[in-house]
Structure formats: C-alpha cells, structure tokens
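Novice: Below is the structure I would like to discuss, written out as structure tokens.
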Amino acid sequence: MGLLLSTRSRFRKIHHAYYTSIMVFTVVSVAPTAYGLASPRNMPPLSSPPADRHLISPTTSDYGVRKNHPTSYDEDPPFKGPLPLLPTSSPDVHRRRVRRHYLDDANDLILPTTSIMSQRQGCQLKVSSSTDAILKAIVDHLAYKDAPVDAKEVAESVEFYLRTGKRLIGAAKRIAMSGNGSGGGVNREQQGGRRQEERRPSITVYDLCSGHGLTGMLFAACNPPRSTSSSIPVRTVLVDRFEPQSHAVLKDCIAEVCPWIGDGTTGTDATRFVPSTLEDFFAQHTNKEDSTNNNNNNNNSDASVVISTHACGSLTDQVLEYAVQYQSAAIAVMPCCYTGTDKGAPYGIRRALGVSMSADVRRSFFLQDTGAYHVDFATIPKTITPMNRIIVAERRK
C-alpha cells in the first residue's frame with residue numbers, strides 16, 4: 000500500500016513539472032508575438048546614422064552656434080534676393096541687361112514705371128530701411144535706368160551679399176569694438192588733465208578684383224550710417240586694374256536711391272575706386288599701414304573686411320594672402336577658373352574631390368592653419384553660376 004502511494008505521488012510531481020514546462024515555453028515563445036514584441040533573434044538591426052548627419056548638426060564647427068551662420072551646406076540653395084533667375088541650359092542666357100530681364104514675361108517681374116520712380120525720388124530710402132527694402136529698391140532702379148549691367152551680375156552680387164554680409168560685418172564689428180582691428184586707432188591718453196576725444200572705429204570693406212564694383216557698393220548701401228552709439232560706419236574701397244565706365248553709372252544709380260553712399264560731389268563718399276594691380280595696391284597699403292601705426296602708437300581699432308567675387312585662378316590666392324597678412328576681421332571669396340589651383344592638395348584628395356573642391360579645401364586649410372580664422376563654406380544658386388562656392392572666414396577674438 001505504501002509503495003502504491005509513493006508511486007502515485009512521484010507521478011503527480013512529474014506530471015506537474017511537465018505541464019509547467021509547457022506553459023513556460025508557451026509564454027516565452029507566443030506572448031512576445033501576441034503583444035507585438037520580438038525576440039532578440041527577430042529584432043531588426045540597429046539603424047545606421049543618416050549619411051548627412053554632419054550636415055544637419057546644430058553647429059557648423061567647433062566654433063559653436065553663431066547668429067547668421069547656416070546650419071547646413073546646400074550646394075544649390077534657393078534665391079533669397081529680389082532678382083531670381085529661372086533655370087536654363089546655360090547661365091550665359093542671363094547675360095543680358097537687367098532691364099531686358101524685367102521685360103521678359105517669363106520672369107514675372109514688374110518694371111517700375113515713371114510715376115512710381117518719380118514718387119520714389121521724392122522720398123529716398125531712409126537709413127532705417129531694411130536690407131530687403133534697400134536691395135529691392137536698388138535692383139528696381141537699375142532696371143528702370145537701364146543700367147549697363149547684366150541680370151546675372153546683379154543677381155550674383157545680391158545673393159553674395161545676402162549670404163555673407165551679416166557675418167562679415169558682424170565679425171568686423173566685434174573686432175573693432177574690442178580694439179583689435181587692422182588699421183587706424185583710438186587715442187585714449189590724457190594730456191594736460193583732459194581726455195582726448197575718442198575717434199569712433201570704422202569698418203572698411205575691400206572689394207578686390209572688383210570689376211564694376213557692384214558687390215562692394217551693396218555692402219556700403221546695406222550698412223548705412225546711423226546716429227546710435229553702437230553704430231560703426233562702413234566704407235568700401237574697390238580695387239581693379241582699370242575703372243570701367245559702367246562703375247560711375249552704377250554708383251550714380253545707387254546713390255539716387257541710397258544717398259549715403261555719396262555721389263562724388265560731397266566729399267563724404269562711402270565708396271571709392273582705386274585703379275591698381277593687386278601688387279601695387281598691397282605695396283601702397285603696406286606703407287600706409289606702417290605710417291598709420293607709427294602715428295597712432297599701434298592702437299588699432301578699425302577693422303577691415305576683404306571680399307572678392309570670381310577673381311580668376313591664382314588671383315583668389317593673392318587676395319587671401321593679402322587678407323591674412325593685414326589681419327582682416329573677415330574674408331569672403333568666390334573663386335573661379337580653377338585650372339592649376341589645386342596644386343598643393345594631396346593626390347588622393349584631388350582624385351576624390353576634383354579640382355575645384357580640392358583647391359578650396361587647400362585654401363580653407365591655409366586660412367585655418369594661421370590659427371586666427373574660423374573657416375566655413377557658403378553657396379549662391381547654381382542658376383547664376385556653376386562656380387558658386389564661397390569661402391567665408393571670420394577672425395577669432
């Protein structure tokens with residue numbers, strides 16, 4: 000009898016253990032599927048980071064997020080300015096006067112009439128006008144006057160300014176206010192118990208290889224003098240081998256809308272043209288800087304900005320060398336004619352990136368290796384030109 004009870008008890012334990020194992024197996028294997036879970040073996044692989052992760056990073060470099068800095072690099076950005084150009088088989092299609100561009104119905108632009116322009120002449124733009132209003136008024140006036148300038152060149156200058164202007168002038172203001180500029184000076188010494196009057200710092204934009212100088216004049220037009228204590232006057236120096244006849248016409252047109260750039264008769268011009276080669280201009284500027292520094296005891300508070308749009312080939316490198324030598328507060332160049340300019344870049348870089356990008360990478364390292372500049376890229380729409388990359392450098396404090 001005892002043997003029978005012991006056998007029954009042992010059977011019950013085995014039976015209980017069997018059904019317990021069945022239930023555990025069911026829960027482990029069926030429940031995850033029933034509740035939308037997955038076993039480690041069936042889980043999808045971890046997704047790799049997007050290929051453009053570095054492009055959507057909130058910072059452009061280790062320099063940190065800054066106002067007016069783009070957070071991504073777009074090889075062909077949309078138009079920002081008041082003169083968009085339609086995509087064509089060749090940018091040369093837009094090499095026609097800006098007035099003809101307005102008259103083309105496909106561009107959906109309205110050419111200002113005589114009545115509108117007469118009203119504008121009675122109320123010129125104020126120094127408090129917005130950048131968009133200033134640029135729109137200038138472009139409209141150039142079209143109304145049938146100024147001798149192509150639509151392509153106007154769009155190029157406008158888009159170049161809209162993508163670099165605030166960054167360059169902002170960097171120059173920081174340098175000028177800190178008293179670490181690249182020219183001029185403020186004498187704050189006391190003589191005879193009286194403090195000498197302090198001279199306000201200024202910003203000079205050097206548009207090198209400027210051609211007709213429209214780009215440089217836009218910097219002066221869009222940064223008018225203001226009476227506020229924090230305002231710093233901006234003037235522009237245009238440099239090229241010869242002064243083209245179109246420069247005077249363009250300047251007069253812009254001065255009719257923005258009188259603060261000067262018309263050459265008041266002696267208060269915010270822009271001036273210097274007909275000179277780069278070599279001669281550098282030499283003259285060197286002598287002037289030495290004289291200025293001696294007279295001001297090296298108390299520099301003025302700041303300089305160097306820009307250049309489509310300086311051919313090695314001329315862009317000369318512009319960068321000049322800007323670095325004179326410790327410009329900010330630099331922006333849009334190179335062209337890249338043949339031979341990639342020399343100095345490693346062969347693998349040239350083979351992988353091509354001539355133009357390799358040349359601009361080499362130029363970027365040239366600026367960064369000085370230890371003085373934060374370097375970035377910007378672009379204008381490719382509809383204007385396929386050589387649309389801008390190298391932007393801002394001096395670190």
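The numbering of the sequence shown is numbering that gives the first Met the number 0, which starts it at 0 and goes up by one.
Here a beta-carbon is modelled for each residue, glycine too, at the ideal position from N, C-alpha and C.
Of the residues 107, 111, 375, which one's Cα is nearest the Cα of residue 414?
Specialist: Nothing about residue 414 can be reported from this structure: the residues present for the chain run from 0 to 396 only.
Novice: Can you tell me whether DSSP reads residue 255 as helix, strand or coil?
Specialist: Three-state result, residue 255: helix.
Novice: Out of 378, 174, 241, point me to the one whose CA is closest to residue 203's CA.
Specialist: The shortest C-alpha separation from residue 203 is found at 174.
Novice: Need the endpoints of the alpha helix (DSSP H) that residue 272 sits in, please.
Specialist: Careful: residue 272 lies outside any alpha helix (DSSP H), inside the beta strand (DSSP E) at 270-274.
Novice: Can you round the beta-carbon distance between residue 123 and residue 258 to whole angstroms, since I take them to be within the 8 Å contact cut?
Specialist: With a Cβ gap of about 6 Å, residue 123 and residue 258 count as contacting.
Novice: Under 6 Å Cβ to Cβ from residue 137, same chain only, skipping five residues before and after it: list those, please.
Specialist: Counting only Cβ-Cβ distances below 6 Å, and skipping sequence neighbours, we find 253, 256.
Novice: Quick check on the burial criterion: 16 or more other C-beta atoms within 10 angstroms. Buried or exposed for residue 250?
Specialist: By the neighbour-count rule (16 or more Cβ atoms within 10 Å), residue 250 is buried.
Novice: So, with DSSP's three-state summary, where would you put residue 203?
Specialist: Correct three-state label for residue 203: strand.
Novice: Which of the three DSSP states, helix, strand or coil, is assigned to residue 301?
Specialist: DSSP places residue 301 in strand when its eight states are reduced to three.
Novice: Under the assumption that residue 332 contacts residue 307 (Cβ atoms under 8 Å), give the Cβ distance between them as a whole number of angstroms.
Specialist: Confirmed, about 5 Å.
Novice: Grab the span of the alpha helix (DSSP H) containing residue 386 for me, first residue to last.
Specialist: Taken as a continuous stretch (DSSP letters only), residue 386 belongs to no alpha helix (DSSP H), as it is neither H nor E.
Novice: How about residue 150 and residue 84: are their beta carbons less than 8 Å apart?
Specialist: In contact: residue 150 and residue 84 (Cβ atoms closer than 8 Å).
Novice: Measuring CB to CB, does residue 378 end up less than 8 Å from residue 152?
Specialist: Contact flag unset, no.
Novice: Can you have a look at residue 158 and say buried or exposed, based on whether 16 or more other CB atoms are within 10 angstroms of its CB?
Specialist: Result: buried.
Novice: Can you have a look at residue 358 and say buried or exposed, based on whether 16 or more other CB atoms are within 10 angstroms of its CB?
Specialist: Its Cβ being crowded by 16 or more others within 10 Å, residue 358 is buried.
Novice: Along the chain, where does the beta strand (DSSP E) that runs through residue 372 open and close?
Specialist: Unbroken beta strand (DSSP E) run through residue 372: 372-378.
Novice: Does the structure place the region 216-231 close enough to the region 311-328 that three or more beta carbon pairs sit under 8 Å?
Specialist: Taking 8 Å as the limit for Cβ pairs, the verdict is that the region 216-231 does not touch the region 311-328.
Novice: Which residue or residues does DSSP assign as beta-bridge partners of residue 306?
Specialist: For residue 306, which the question treats as bridged, DSSP gives the partners 206, 331.
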